[in-house]
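Take a look at the structure set out below.
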Amino acid sequence: MATDNLIQTIEAFEEEYKKGVGDLLPYRPTKQASLDNIRRFGDGVGDYNPLWRDPDHAAKSRYQMITAPPPFIYGVSLGVIAGETGAIDRARVSTAYLPVNYAGAEIEFHRPIWLGDRITAQEQVGPTMRKESKRIGAIAFNTGLVTYSNQRQEVVTTVKTLMARYQNTGSTLEYDREPKEAAHVQHEAADPLVYERERRGAEPRYWEDVVEGDDIPSLKKGTYTVTELFLFTHGVLGTGRSPRAALEAEGSGDLGGGGRFDEEHARKRRNMPGQFDFGPQRVCWLSQIVTDWMGDAGTLKKLDASIRHPNVVGDTNTVYGKVSKTYVENDEHRTELQIENRNQSGLVTAFGTATVTLPTKD
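Heads up: take any position in the sequence shown, counting from 1, add 712, and you land on our numbering.
Structure, rendered in structure tokens:
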């Protein structure tokens, strides 16, 4: 693709993007929720909940079999194409001029993903909205409407994905990463945290016992390493190699993880301080703290997540949560949780609101 055919300004991008609003994209990725794929997903996000991995444990649950964790949809597709480029020929949009970042998602979980289900994703181009940032100028926030369905044509999950497209600043966008108490902050290996994690599990958490304002157990994710980036890339997204033309177009020798493994590419093409994560990886963390807390008898209904800052290799992350509301709606006993991920400086890099239903003692 000739350089002069590339879209080079945010204004030109918005004009082209708006032409495709409402279009359904032909790309329809699919993946089976096999036991191997579900476990691989858990490896990728660091979630070893036996409800998704252990057939004996799952057989004693209300599902009576293995189900996939709610964000398994990201293993089918991140659902970002519509929000990244709309219906525009993707070869015309380059990070050399217009980097793009994952900004968040509004997710509604309609039904479980059962072991053996084959899930297919369908994306529709949603609206775009202009905002201004003091740090990087004009930002086009583009919406992708994603529907995940099973082989029975049942909708399992719907997502409103938000992607941020902006003009390449030509410089690194730094942010607060310095520990506030350096003497007390240490790098912490993520692997043992996965094995040592305690969950509510099979013991029901009853709605009547939940108190507004209470904190929920924090979720330590340890220090983000290249290994953590690799595990998510290959455990959730799958493997795949880049042809020479793609490498040349992106000016990189390694497009693994969408270029995230190449530190120079991350700085020059994405304006990041270094190798960085996929936004959906932290969405999975926000989901995990909730499913760990609610236990096997709870149901995650909704998750609205916002990604505000990158998670860079070397950052140490902890997810926190608090009960914000309990109520009854449509005969369901619901609890609302406020959740957030903080790095070693205390900076909130991702946050969200989760809605769950819980069993009652009646």
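Quick reminder that beta carbons are idealized off the backbone N, C-alpha and C, glycines included.
Check                                                                                                       : Outcome
Helix, strand or coil at G734 [DSSP, three-state]                                                           : coil
Helix, strand or coil at K980 [DSSP, three-state]                                                           : helix
Cross-strand partners of R830 (DSSP beta bridge)                                                            : Q744
Contacting residues, own chain, Cβ-Cβ under 6 Å from Q993 (five flanking each side not counted)             : F944
Proximity to V922 [Cα-Cα], best of L967, T1047, Y907 and F942                                               : T1047
Straight-line gap, A833 to A780 (C-alpha atoms, nearest Å)                                                  : 16 Å
Enclosing alpha helix (DSSP H) for R1006 [first to last residue]                                            : The question names Arg, but residue 1006 in the sequence shown is Met. Its alpha helix (DSSP H) spans residues G991 to M1006.
CB of R1031 within 8 Å of CB of I1001, strictly                                                             : Checking the sequence, you will find Val at residue 1031 rather than Arg. Yes.
Residue interval of the alpha helix (DSSP H) (run including R956)                                           : R956 to E962
The stretch 914-932 contacting the stretch 951-961, beta-carbon criterion three pairs below 8 Å             : no
M777 burial status per 10 Å Cβ neighbour count (16 or more: buried)                                         : exposed
Per-residue burial, D1008 [other beta carbons within 10 Å of its own, 16 or more giving buried]             : buried
Within 8 Å, strictly: CB atoms of E962 and T807                                                             : yes
Outcome for Y814 when other beta-carbon atoms lying within 10 angstroms are tallied against a minimum of 16 : buried
Three-state secondary structure (DSSP) of T1047                                                             : strand
Closest Cα partner of V868 within the set R981, V837, N1029 and A745                                        : A745
Every unbroken alpha helix (DSSP H) inside the stretch 889-931 [4 residues or more]                         : 902-908
Coil, strand or helix - D1016 by DSSP                                                                       : strand
Three CB pairs or more closer than 8 Å across the stretch 754-763 and the stretch 781-794                   : yes
Separation of D768 from G798, as counted between CA atoms                                                   : 44 Å
Simplified DSSP assignment, three categories, for Y878                                                      : strand
Status (buried if at least 16 other CB within 10 Å, exposed otherwise) for T1067                            : buried
Opposing strand residues paired with A817 [DSSP bridges]                                                    : T873 and A1017
I851 - DSSP class collapsed to helix/strand/coil                                                            : strand
Beta-carbon proximity of T935 to E900, cut-off 8 Å                                                          : yes
Inter-stretch contact at 8 Å, needing at least 3 Cβ pairs: the stretch 877-890 / the stretch 1044-1059      : yes
Beta-carbon spacing of E835, G816 below 8 Å                                                                 : no
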